[in-house]
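Residue numbers (this note's numbering), protein chains in the order written: chain A, 1 to 341; chain B, 1001 to 1220. The beta carbon of each residue, even a glycine, is placed where N, CA and C say it ideally should be. To start, the structure under review is shown below, and the notes come after it.
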């Protein structure tokens, strides 16, 4: 992860239309993606995330800024040079985008034909790729005979056939059911480990980021608002947008019990493996109640936070805080004015 | 009801009609496919947008298509004479047929090519495909079923035009229908010609449908 960034985006802007109908899809985006990592870009619809990924292989021409992939500044290349550079950037899509009149095998052959491989070499490599995505038995099937998950597997085999250094995934699992999504994500993660291909994942679903990403950027209103390791962002989201994406159902107000004391937010940073709240109650004799809780499993560790309401008896509070300090649990007060999660 | 001479004439007419129709369709496609491809590629949102050239070619296509075929038939007589040497007979008729049909076919080809999923084109571009590769490996193969169906429709339209050319000295079944059926009021003759034309149209359309179904990998 400390390696030279394989994708370096600086000062990237994209403006659609002109005059009155001018829409800025991206504004001054800077991003560095390291060799071999799985990098997530998450945002709501219309935030500009699709435009961002399409600017990485210049399917969309940036209005301003530089895009450097694998040491080549794409934004400075001629059409022909750009086409050659694209051979080292694979891409998969929400709609799979397979050639409907070609078999699975012929689809995987496609980028190799573009790259000028000989027919026999194409077929050998395509068969190998279909085996890797566990579809060796479907090589003669046409896309219309395949399920959504199978189509995406063919698309992945196709995107990786020419040994690209980067795989771009534009909402690649958004059209799939949860079970299929998990298996496709697992495949992408395996291929990342096995082939060392750097992966950029565009999504609007936090669970996709949770399952496979090392780092994540949060994009909102055409700007990157937060970048960091997934666990870090999850634990300490700095912006309202990030909190909204993390807890889509957590927008509602936390209701405290009328007779209770102040609210305290406990943060779990992945090293928590004990029943903190129950132990807290037993150790201090303070009857705390849980008013809100959310947790996520990232790489088999628990991250999350729980908002507890402390007892009315303020004398118990120092003991509670002392206990939390002793146990190494981070906490922060929920101010009365800010009761939204 | 019909004499041997009549039957012989009808048989000649049948082959002339087939010759004019298929010959003109083939030549019109030689012009129509490149023009249709150009329209799709140069349109805004196409692989290589060229707005001015698109409007120019599109304009010419529309102008030729607006001219009624009968008028075109007469107008292009000098051109026909220059190319074929005569303005009468089935070979001569192919010239106005091609001129009238090529722009029509260009539009039919254009609409077939536009059916190709934009996402598929984008995927091919993301893999580094150039314009020629886009045409030969994506646009034409992906649009093949629709192009074949379009060809069946175009052929029947050209068959209809070829029958019209009988009025100005073209050959074929249309000429027989006009000369005997209409000018000499032999309504039985006219009826037979119409029935034969109907049967030909049916056969062409059925062949078109069949080949399209066979070639389309989307429906299984």
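For the putative contact between residue i and residue j, defined by C-beta atoms under 8 angstroms, what is the C-beta separation to the nearest angstrom?
{"i": "residue 217 of chain A", "j": "residue 41 of chain A", "result": "5 angstroms"}
{"i": "residue 89 of chain A", "j": "residue 166 of chain A", "result": "5 angstroms"}
{"i": "residue 92 of chain A", "j": "residue 155 of chain A", "result": "5 angstroms"}
{"i": "residue 312 of chain A", "j": "residue 260 of chain A", "result": "6 angstroms"}
{"i": "residue 214 of chain A", "j": "residue 38 of chain A", "result": "5 angstroms"}
{"i": "residue 9 of chain A", "j": "residue 67 of chain A", "result": "6 angstroms"}
{"i": "residue 158 of chain A", "j": "residue 107 of chain A", "result": "5 angstroms"}
Which residue's Cα is closest to the Cα of residue i: the options?
{"i": "residue 7 of chain A", "options": "A:14, A:45, A:328 and A:75", "result": "A:75"}
{"i": "residue 1021 of chain B", "options": "B:1090, B:1047 and B:1076", "result": "B:1090"}
{"i": "residue 1210 of chain B", "options": "B:1166, B:1098 and B:1150", "result": "B:1150"}
{"i": "residue 1148 of chain B", "options": "B:1134, B:1166, B:1119 and B:1112", "result": "B:1112"}
{"i": "residue 128 of chain A", "options": "A:109, A:115, A:116 and A:113", "result": "A:109"}
{"i": "residue 1163 of chain B", "options": "B:1174, B:1084 and B:1118", "result": "B:1174"}
{"i": "residue 275 of chain A", "options": "A:306, A:245 and A:264", "result": "A:306"}
{"i": "residue 1070 of chain B", "options": "B:1051, B:1176, B:1161 and B:1181", "result": "B:1161"}
{"i": "residue 1061 of chain B", "options": "B:1094, B:1100 and B:1083", "result": "B:1100"}
{"i": "residue 1092 of chain B", "options": "B:1171, B:1015, B:1179 and B:1108", "result": "B:1171"}
{"i": "residue 1059 of chain B", "options": "B:1132, B:1155, B:1087 and B:1103", "result": "B:1103"}
{"i": "residue 112 of chain A", "options": "B:1128, B:1122, B:1119 and B:1098", "result": "B:1128"}
{"i": "residue 50 of chain A", "options": "A:138, A:162 and A:172", "result": "A:172"}
{"i": "residue 206 of chain A", "options": "A:23, A:83 and A:244", "result": "A:244"}
{"i": "residue 72 of chain A", "options": "A:64, A:63, A:86 and A:62", "result": "A:86"}
{"i": "residue 1126 of chain B", "options": "A:296, A:162, A:102 and A:139", "result": "A:162"}
{"i": "residue 1215 of chain B", "options": "A:34, A:62, A:102 and A:147", "result": "A:102"}
{"i": "residue 1077 of chain B", "options": "B:1183, B:1194, B:1168 and B:1177", "result": "B:1168"}
{"i": "residue 1145 of chain B", "options": "B:1217, B:1017, B:1177 and B:1067", "result": "B:1217"}
{"i": "residue 325 of chain A", "options": "A:280, A:99 and A:15", "result": "A:280"}
{"i": "residue 168 of chain A", "options": "A:176, A:15, A:188 and A:44", "result": "A:188"}
{"i": "residue 1098 of chain B", "options": "B:1118, B:1013 and B:1073", "result": "B:1073"}
{"i": "residue 4 of chain A", "options": "A:16, A:32 and A:233", "result": "A:32"}
{"i": "residue 1155 of chain B", "options": "B:1186, B:1019 and B:1081", "result": "B:1019"}
{"i": "residue 1068 of chain B", "options": "B:1203, B:1199 and B:1165", "result": "B:1165"}
{"i": "residue 36 of chain A", "options": "A:199, A:327 and A:271", "result": "A:199"}
{"i": "residue 43 of chain A", "options": "A:204, A:246 and A:316", "result": "A:204"}
{"i": "residue 1136 of chain B", "options": "A:123, A:124, A:114 and A:119", "result": "A:114"}
{"i": "residue 219 of chain A", "options": "A:16, A:46 and A:34", "result": "A:46"}
{"i": "residue 229 of chain A", "options": "A:209, A:240 and A:247", "result": "A:209"}
{"i": "residue 290 of chain A", "options": "A:240, A:262 and A:316", "result": "A:262"}
So, using beta-carbon positions, are residue i and residue j closer together than 8 angstroms?
{"i": "residue 1196 of chain B", "j": "residue 1159 of chain B", "result": "no"}
{"i": "residue 144 of chain A", "j": "residue 1004 of chain B", "result": "no"}
{"i": "residue 152 of chain A", "j": "residue 202 of chain A", "result": "no"}
{"i": "residue 13 of chain A", "j": "residue 28 of chain A", "result": "yes"}
{"i": "residue 1049 of chain B", "j": "residue 1042 of chain B", "result": "yes"}
{"i": "residue 1039 of chain B", "j": "residue 1110 of chain B", "result": "yes"}
{"i": "residue 222 of chain A", "j": "residue 48 of chain A", "result": "yes"}
{"i": "residue 104 of chain A", "j": "residue 141 of chain A", "result": "yes"}
{"i": "residue 267 of chain A", "j": "residue 331 of chain A", "result": "yes"}
{"i": "residue 319 of chain A", "j": "residue 284 of chain A", "result": "yes"}
{"i": "residue 1122 of chain B", "j": "residue 1143 of chain B", "result": "no"}
{"i": "residue 160 of chain A", "j": "residue 195 of chain A", "result": "yes"}
{"i": "residue 77 of chain A", "j": "residue 55 of chain A", "result": "no"}
{"i": "residue 264 of chain A", "j": "residue 308 of chain A", "result": "yes"}
{"i": "residue 1106 of chain B", "j": "residue 1036 of chain B", "result": "yes"}
{"i": "residue 1024 of chain B", "j": "residue 1094 of chain B", "result": "yes"}
{"i": "residue 269 of chain A", "j": "residue 303 of chain A", "result": "yes"}
{"i": "residue 1108 of chain B", "j": "residue 1120 of chain B", "result": "no"}
{"i": "residue 139 of chain A", "j": "residue 130 of chain A", "result": "yes"}
{"i": "residue 1193 of chain B", "j": "residue 1207 of chain B", "result": "no"}
{"i": "residue 352 of chain A", "j": "residue 211 of chain A", "result": "Any answer about residue 352 of chain A is impossible in this case: the structure gives chain A only from 1 up to 341."}
{"i": "residue 65 of chain A", "j": "residue 148 of chain A", "result": "no"}
{"i": "residue 286 of chain A", "j": "residue 310 of chain A", "result": "yes"}
**Item:** Residues of the segment 1126-1142 of chain B with Cβ closer than 8 angstroms to any Cβ of chain A, in chain order
**Value:** Residues passing the 8 angstroms Cβ filter: 1126, 1127, 1128, 1129, 1130, 1133, 1137, 1138, 1141 and 1142.
key: chain B contacts made by the segment 108-127 of chain A, where a contact means CB separation under 9 angstroms   = Within the segment 108-127 of chain A, the qualifying residues are 110, 111, 113, 114 and 115.
| Which parts of the segment 1111-1154 of chain B are runs of the alpha helix (DSSP H), unbroken and 4 residues or longer, counting only runs that do not cross its ends? | The segment 1111-1154 of chain B contains these whole alpha helix (DSSP H) runs: 1118-1126.
What residues in the segment 63-86 of chain A have a beta carbon less than 9 angstroms from any beta carbon of chain B?
-> Within the segment 63-86 of chain A, the residues whose Cβ lies closer than 9 angstroms to some Cβ of chain B are 79, 80, 82, 83, 84, 85 and 86, listed in chain order.
Proximal residues, the segment 1141-1157 of chain B versus chain A, C-beta separation under 7 angstroms: Taking 7 angstroms as the Cβ-Cβ cut-off against chain A, the residues of the segment 1141-1157 of chain B that qualify are 1141, 1142 and 1144.
Worksheet entry | Selection of the segment 151-174 of chain A by Cβ proximity to chain B, strictly under 7 angstroms | Those residues of the segment 151-174 of chain A that come within reach of chain B (Cβ to Cβ, closer than 7 angstroms) do not exist; the list is empty.
Query - Length at least 3, wholly inside the segment 209-246 of chain A: the beta strand (DSSP E) runs in chain order - result: 215-220 and 223-229, all fully within the segment 209-246 of chain A.
Sequence ranges, alpha helix (DSSP H) only - wholly within the segment 94-173 of chain A, length at least 4 = Fully enclosed alpha helix (DSSP H) runs of 4 or longer: 104-114, 119-132 and 148-161.
(Q) For the segment 1176-1191 of chain B, list every residue whose C-beta sits within 7 angstroms of some C-beta in chain A, in sequence order. (A) Going along the segment 1176-1191 of chain B in chain order, one finds no residue with a Cβ nearer than 7 angstroms to chain A.
Listed from N- to C-terminal order along the chain, which residues in the segment 1041-1053 of chain B have their beta-carbon within a distance smaller than 9 angstroms of any beta-carbon of chain A? Cβ contacts with chain A: none found.
For the segment 1109-1125 of chain B, which residues have a beta carbon sitting closer than 8 angstroms to at least one beta carbon of chain A? Listed by position, the residues of the segment 1109-1125 of chain B near chain A (Cβ gap below 8 angstroms) are 1117, 1119, 1120, 1122, 1123, 1124 and 1125.
query: For the segment 15-63 of chain A, which segments carrying the beta strand (DSSP E) assignment without a break, of at least 3 residues, lie completely within its bounds, in sequence order?
result: Runs of the beta strand (DSSP E) inside the segment 15-63 of chain A: 23-34 and 38-42.
Under 9 angstroms (Cβ pairs) to chain B, residues found in the segment 45-61 of chain A = Of all residues in the segment 45-61 of chain A, those with a C-beta nearer than 9 angstroms to a C-beta of chain B are 54, 57 and 59, reading in chain order.
Interface positions of the segment 1201-1220 of chain B facing chain A (Cβ-Cβ less than 9 angstroms), listed along the chain = So the list reads 1215, 1216, 1217, 1218, 1219 and 1220, given in the order they occur along the chain.
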